[in-house]
Amino acid sequence: MDELRERTNPVFNTAKATLLHLTKAGNADAAMMAETLGLDLAGMTHSDEGKTAMGQSNVAIVELRYRSMNAFIEATGAKTVVDLPCGYTPRALEDFIADKRYIACDLPAEAEEMGPLIEGILARRGQKRDVAYHGVDATNYASLRAALKGVEGPLCVTTEGLLMYLADAELVALMDNVRRILKEFGGVWITQDPKVGRVYIAMTVAAQSRDPAAAQAAMEALAGGTDMGTVLKTMAGDQGQSTLNASKNTFGGAADVKFGNVLNYRPEQAEAAMKESLRAHGLKVELTPLAARMPELQSLSPERTQIARQALERVNLWTITPDGAGSGSQSEADGAFGVDMTVDGGKLAVTLRGRVDSLTAPEFLAAFEKAAEGRTLTAAAVDMSNLAYISSAGLRVLLIMTKRVGGGHLTVTGANEIVRSIFEQTGYDDILTLK
Ligand SMILES: C[S@@+](CC[C@H](N)C(=O)[O-])C[C@H]1O[C@@H](n2cnc3c(N)ncnc32)[C@H](O)[C@@H]1O
């Protein structure tokens with residue numbers, strides 16, 4: 048099952064790399080957890096990562112994100128923290144969590160690895176904490192609601208390092224889910240600038256440039272709508288671009304997440320679109336400059352921390368709450384997942400029901416592998432008439448199927464409007480035949 052999960056949700060290395068970066072930033076719990084997990088940290092990075100300016104800014108970005116998020120969580124005053132996704136951070140062990148209920152949510156594989164690990168550490172230390180790890184899919188309301196069973200609000204829901212991985216339709220599902228949860232329990236959803244462009248530039252400048260004015264100029268250009276590639280080029284000439292390219296190869300080329308076309312990316316536009324989308328889904332946003340809760344960073348000198356602090360005046364933490372007036376677009380009647388497969392003379396017929404997301408995609412893949420085993424498949428027809436939703440984990444299974452039957456030989460019928468728009472947004476409508 049673990050192998051099927053990794054193939055449908057290949058984001059694990061990136062989450063584990065947080066431990067590496069926090070270790071490098073001097074977090075002793077992170078170092079201990081990494082060792083206990085047996086992570087080959089050296090193998091996950093460039094040999095010179097950490098020594099180079101690039102490595103330095105990656106460490107600083109993660110340290111900043113993690114520690115300022117801790118400070119913001121504390122400042123909300125909420126007694127229940129829903130950390131979505133918790134990844135492999137040592138947050139459960141932080142002092143400020145001691146008097147709170149900490150509900151750590153991530154995909155099942157991560158949650159199942161982290162839960163016993165943290166439990167073991169707390170037991171060894173003789174500490175009692177209200178900490179629980181839950182396997183969820185952020186786009187799946189029922190899984191989030193199950194994690195909140197018996198919980199009292201108000202909540203502080205955090206999303207840290209998640210939004211940039213979600214396709215538009217997944218983001219919408221997440222917004223609907225968080226809105227429903229906050230309506231029921233009260234509280235806030237906090238997240239850093241939803242798209243990481245500004246933090247990335249601010250910290251890269253801070254780690255590399257000697258000139259505070261360069262940081263300001265870069266942030267002003269981004270605020271004016273300029274794209275990342277142009278800003279980097281202005282900042283550091285061609286070297287800026289090669290730095291960015293190098294960052295895509297962080298983790299020794301094993302980065303398992305597509306960063307999209309980072310050079311053309313315009314944070315201002317992306318954030319405006321996100322704000323509009325939040326509004327359309329019954330949520331309102333308040334912005335607080337990240338600099339307001341920025342700690343002294345271990346991974347940057349005081350002088351460079353100061354440069355970062357200035358640049359981060361333009362990077363915000365977003366506090367999101369339900370807007371009484373909005374209606375949201377709750378997609379309720381999703382139904383339980385189900386899949387049937389039959390093979391007739393090399394032709395595979397598939398019927399899907401309910402939701403295919405990170406929780407159910409491994410089952411979908413297992414059913415396909417069983418049906419396909421030892422056979423030559425020449426075509427596949429997937430009936431989606433009873434499918435409510437498909438996430439990128441489900442799309443990966445369709446891609447695996449397409450590779451097996453040959454491009455153009457996978458036909459989809461009955462896709463509803465949501466599913467159809469997911470195909471269109473991701474370009475899958477070019478890979479399969481949509482009828
Ligand atoms: C870059 S990590 C961030 C984790 C942590 N907050 C941190 O800062 O290190 C991204 C995390 O998102 C999780 N993830 C990806 N898709 C998800 C989904 N649909 N639902 C819940 N978690 C998801 C991954 O398992 C991974 O742990």
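In this text, residue positions in the sequence shown follow this note's numbering: the first is 48, and each later residue adds one. The C-beta atom is built at its ideal place from N, Cα and C for all residues, glycine as well. Because the structure is a prediction, the values reported are computed rather than measured.
Hey, could you find the ends of the beta strand (DSSP E) M448 is sitting in? Within the sequence shown, the letter at position 401 stands for residue 448. Run containing M448: none in the beta strand (DSSP E); it sits in the alpha helix (DSSP H), S439 to V452.
Residues near A265 in its chain [Cβ-Cβ closer than 6 Å; skip 5 each side]: Stepping through the sequence shown from its first residue, residue 265 is reached at position 218. Once the five neighbours on either side are set aside, the close Cβ partners of A265 are I248, V252, V278 and M282.
Could you tell me which of R402, G393 and L395 sits nearest to A383, measuring between CA atoms? Stepping through the sequence shown from its first residue, residue 383 is reached at position 336. Considering only alpha carbons, the answer is R402.
First and last residue of the beta strand (DSSP E) that includes E333? To locate residue 333, count along the sequence shown from 1; it is residue 286. Annotation: the continuous beta strand (DSSP E) that includes E333 extends over L330 to P336.
Helix, strand or coil: how does DSSP classify Y312 here? In the sequence shown, the residue the question calls residue 312 occupies position 265. DSSP places Y312 in coil when its eight states are reduced to three.
Are there 16 or more other CB atoms within 10 angstroms of the CB of Q103, so buried, or fewer, so exposed? What you label residue 103 is simply residue 56 of the sequence shown in a count that begins at 1. Burial call: buried.
Say yes only if the C-beta of D184 is nearer than 7 Å to one or more non-hydrogen atoms of ligand 1, and no if none qualify. Working through the sequence shown from its first residue, we reach residue 184 at position 137. Yes, ligand 1 has a heavy atom inside 7 Å of this Cβ.
Leaving out five residues on either side along the sequence, give the residues of the same chain with a beta carbon under 7 Å from the beta carbon of I108. As a first step, residue 108 is located in the sequence shown; it is residue number 61 there, counting from the start. These residues qualify, in order along the chain: V246, Y247 and M250.
Nearest CA to the CA of A151: which residue from D142, F143, M161 and A145? As a first step, residue 151 must be located in the sequence shown, where it is residue number 104. Here the closest residue by C-alpha is M161.
As a quick exercise: from K230, W365, P137 and M275, pick the residue whose alpha carbon is nearest that of T45. The requested residue 45 does not occur in the structure, where the chain is confined to residues 48 to 482.
Closer than 7 Å to a non-hydrogen atom of ligand 1 - does that hold for the CB of A62? Sequence index remark: in the sequence shown, residue 62 carries index 15 (1-based). Result yes, Cβ under 7 Å from ligand 1.
Any idea if R351 is buried or exposed, counting beta-carbon neighbours within 10 angstroms, 16 or more meaning buried? Your numbering for residue 351 matches position 304 in the sequence shown. With 16 or more Cβ atoms within 10 Å of its Cβ, R351 is classed as buried.
DSSP beta-bridge partners for C152? Locating residue 152 in the sequence shown gives position 105, counting from the first residue. H181.
Using a 10 Å radius around the Cβ and a threshold of 16 neighbouring Cβ atoms, would you call Q255 buried or exposed? In the sequence shown, residue 255 corresponds to position 208, counting from 1. Under this definition Q255 is a buried residue.
Among the residues of its own chain, which have a CB less than 6 Å from the CB of W236, if the five just before and after it don't count? As a first step, residue 236 must be located in the sequence shown, where it is residue number 189. V204, V225 and I367.
Decide if S405 is buried, meaning its Cβ has at least 16 other Cβ atoms within 10 Å, or exposed. Here residue 405 corresponds to residue number 358 of the sequence shown, with the count starting at 1. Around the beta carbon of S405, 16 or more other beta carbons lie within 10 angstroms, which makes this residue buried.
Would the beta-carbon of A413 fall within 8 Å of that of L51? Counting from one through the sequence shown, the residue named residue 413 turns up at place 366. Counting from one through the sequence shown, the residue named residue 51 turns up at place 4. A contact, by the Cβ cut-off of 8 Å.
In three-state terms, what does DSSP make of I478? For the purposes of this step, residue 478 is identified with residue 431 of the sequence shown, where counting begins at 1. I478 falls in the helix class under three-state DSSP.
Tell me the rounded alpha-carbon separation between V362 and K394. Here residue 362 refers to the residue found at position 315 when the sequence shown is read from its first residue. Here residue 394 refers to the residue found at position 347 when the sequence shown is read from its first residue. Going by C-alpha positions, V362 is about 53 Å away from K394.
Contacts around A145, its chain only, beta-carbon distance under 7 Å, and the 5 residues preceding and following it disregarded: Along the sequence shown, one-based indexing puts residue 145 at 98. Within its own chain, the residues whose Cβ lies closer than 7 Å to the Cβ of A145, once the five positions on either side in sequence are excluded, are R176, listed in chain order.
Would you decide whether T425 is buried or exposed? Buried here means 16 or more other CB atoms lie within 10 Å of its CB. If you number the sequence shown from 1, residue 425 lands on position 378. Exposed.
Mark R356 as exposed unless 16 or more other C-beta atoms lie within 10 angstroms of its C-beta, in which case mark it buried. Here residue 356 refers to the residue found at position 309 of the sequence shown. The residue in question, R356, is buried, as its Cβ has 16 or more Cβ neighbours within 10 Å.
Just to confirm my understanding: we take T238, look at its own chain, exclude 5 residues before and 5 after, and list those with CB closer than 6 Å. What are they? Translated into the one-based positions of the sequence shown, residue 238 becomes position 191. Within its own chain, the residues whose Cβ lies closer than 6 Å to the Cβ of T238, once the five positions on either side in sequence are excluded, are T206 and W365, listed in chain order.
Coil, strand or helix - L346 by DSSP: Taking the sequence shown and counting its residues from 1, the one referred to as residue 346 is at position 299. Correcting the residue identity first, residue 346 is Ser in this sequence and not Leu. DSSP places S346 in the coil class of the three-state scheme, outside both helix and strand.
Look up C203 in the DSSP assignment and give the residues it is bridged to. Walking along the sequence shown from the start, residue 203 turns up at place 156. Under DSSP, C203 forms a beta bridge with V128 and V235.
Specify, as a first and last residue, the run of the beta strand (DSSP E) that T398 falls within. Taking the first residue of the sequence shown as 1, we reach residue 398 at position 351. Run containing T398: K394 to V403, per the beta strand (DSSP E) assignment.
Find out if the Cβ-Cβ distance for the pair V466, Y436 is shorter than 8 Å. Counting from one through the sequence shown, the residue named residue 466 turns up at place 419. Counting from one through the sequence shown, the residue named residue 436 turns up at place 389. The answer is yes: Cβ separation under 8 Å.
Cut-off 6 Å between Cβ atoms - residues of its own chain near T70, not counting five sequence neighbours on either side: Taking the sequence shown and counting its residues from 1, one reaches residue 70 at position 23. If we look at T70 and ignore the five residues flanking it on each side, its Cβ neighbours are A77, A78 and A81.
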